[in-house]
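Comments concern the structure below.
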Amino acid sequence: MGTSMKRVVMLGTRLDSMGGVSSVEKTILEGWSSQDYSVRHIATHCDGPPWRKLFCAIGGFVRYAALAAAGVVDIAHVHFSSRASFYRKSLFILMSRCFGIKVVGHAHGAEFQIFYHQESGPLRQAWIRAILRQFDRLIVLSPQWQAFYAGLCHQLSFAVIPNAVRLPPESLRNEATPPVVAMLGRLGRRKGTYDILEAVPAVISRHSTATFHFGGDGDVNEVRTQLAGVSWRRQVRLLGWLNDDAKSTLLSRTSVFVLPSYNEGLPVALLEAMAHGVAVVTTPVGGIPEVVTDSKTGLLVAPGDVATIAGAICRLLENPSLRTTLGRNGRALIESEFSVERAVARIVAVYDSLTGRAG
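In our numbering, the protein residues as written are 25 to 383.
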């Protein structure tokens, strides 16, 4: 095998899109340091109305087809989630196979289990399994997700590579007074947004000056409507989607980060909060138990348990020493296990195993 640089095309959402997948892609590309692989990104999805998404998908397909036909792609690195994302990426995966290109899948779908077991009939399930079998290697975010995909296709070859985030300087940490409780991500039931809102009265009954900050898109209008009739609405801030600088500013001032999700892959927002040294309250779903150990790197609560969510928030607000300890432990874990450099090295190892460079 020669030592010339191999060419990788990364297929995923536009890098300026909202959401964790684009954050992961951008983090990988910005942290790329391998001299053995050149990585080119092609967007197959973008935010916006349906016509814009369609043009983005068609444009991505045409650009990738031209590169594949020209024989200048050695590896396709395909980021996918569930539903439309999976079906859209199926076309790129099959095209790669037609041109003899190695295919690395990178699974992100927090609701892929629901997509497969509850939303897909026998024919769609057969299609999903057939596409999964096309991967030379499947990157998953946690051992739990590996077990799930192995149950669908036992012959799959896996690499467990958690999401990664950059570590901000410790000097940025400056908790606000009154205390800030924050949640980042797409507002809606899956992320536990409405459970947090139900917990607010119990929290402010004990901490009357606490404010709740929600950064994200999704059910913004629904949340605003729900807040219209409550007496404590002025203690809730709906910030919209935040760019990296605004997120960092918010997290540096946050006392407690809350993400009581019902389904997750491995949420980037949670990793970012821990990287900022914030004590977190979250749920043991998806890949989260790989990051948060109860009472060591955060507090774990059951999805939908509003009373426990409120109690965990109050416990942290009332115990600065516990907040500090959990925040420091969480940041140390991110630094050692979830760094960008570590993730890139693991991805390079996957590429090496497919190109004969391993060992």
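Ideal placement from N, C-alpha and C gives every residue a C-beta, glycine not left out.
Computed from a prediction, not measured in an experiment: that's the story for all the values here.
Requested in this report: Specify, as a first and last residue, the run of the beta strand (DSSP E) that residue 386 falls within.
Outcome: As displayed, the chain neither begins before 25 nor continues past 383, which places residue 386 out of reach and without an answer.
Report task. State the DSSP-derived secondary structure class of residue 119, mapped to helix, strand or coil. Result -> helix
Query raised in the report: So, is residue 206 buried or exposed, given that buried needs 16 or more other C-beta atoms within 10 angstroms?
Result: buried
Report task. Would you kindly report the start and end of the unbroken beta strand (DSSP E) that includes residue 139? Result -> Per DSSP, residue 139 belongs to no beta strand (DSSP E); it is in the alpha helix (DSSP H), 136–141.
**Report entry** Nearest to residue 52 (by Cα), restricted to the options 152, 104, 372
**Finding:** 372
Query raised in the report: Within this structure, are the beta carbons of residue 242 and residue 216 separated by less than 8 Å?
Result: no
Requested in this report: Could you check if residue 26 is buried or exposed, using at least 16 other CB atoms within 10 Å of its CB as the buried criterion?
Outcome: Only weak support is given to the placement of residue 26: the predicted model assigns it a pLDDT of 49, under 50, and the question is left unresolved by the model.
Query raised in the report: Between the C-alpha atoms of residue 153 and residue 301, what's the straight-line distance to the nearest angstrom?
Result: 40 Å
Report task. Tell me, please, whether the segment 325–339 touches the segment 75–83 by the rule of three or more beta-carbon pairs shorter than 8 Å. Result -> no
**Report entry** Bridge-paired residues (DSSP) for residue 237
**Finding:** 206, 261
Report task. May I ask which residues mark the beginning and end of the beta strand (DSSP E) holding residue 32? Result -> 30–37
Query - DSSP-derived helix/strand/coil call for residue 213 - result: coil
Report task. Please look up how many angstroms separate the CB atoms of residue 173 and residue 180, rounded, as I've assumed it's under 8 Å. Result -> 6 Å
Query raised in the report: How many Å lie between residue 363 and residue 188 at the Cα?
Result: 5 Å
Query raised in the report: Which ranges would you report for the beta strand (DSSP E) in the segment 148–203 if only whole runs of at least 3 residues count?
Result: 161–164, 182–184
Query raised in the report: What did DSSP end up calling residue 280 once you bin it into helix, strand or coil?
Result: strand
Requested in this report: Answer yes if the segment 133–140 comes into contact with the segment 104–114, meaning at least three C-beta pairs across the two stretches below 8 Å, and no otherwise.
Outcome: yes
Query raised in the report: Can you give the beta carbon distance from residue 31 to residue 97, rounded, assuming they're within the 8 Å contact cut?
Result: 6 Å
Query - Which listed residue (78, 35, 348, 280) has its alpha carbon closest to that of residue 116 - result: 35
Requested in this report: Within the same chain, show all residues whose beta-carbon is closer than 6 Å to that of residue 226, passing over the 5 residues directly before and after it, in chain order.
Outcome: 334
Requested in this report: Measure the beta-carbon distance from residue 47 to residue 71 and round it to whole angstroms, keeping in mind my assumption that it falls under 8 Å.
Outcome: Not confirmed; about 13 Å, so no contact.
Report task. Identify whether residue 125 lies in helix, strand or coil by the three-state DSSP scheme. Result -> coil
Query raised in the report: By DSSP, does residue 25 sit in helix, in strand, or in coil?
Result: Bear in mind that a pLDDT of 42 at residue 25, under 50, signals an unreliable position, so the model cannot answer this.
Query raised in the report: Where do the ends of the alpha helix (DSSP H) carrying residue 336 lie?
Result: 330–341
Requested in this report: Give me the Cα-Cα distance between residue 283 and residue 295, rounded to the nearest whole angstrom.
Outcome: 11 Å
Query raised in the report: With a CB to CB cut of under 6 Å and the five nearest residues on each side skipped, what residues in its chain are close to residue 55?
Result: 364, 368
Report task. Look up residue 286 in the DSSP assignment and say whether it is helix, strand or coil. Result -> coil
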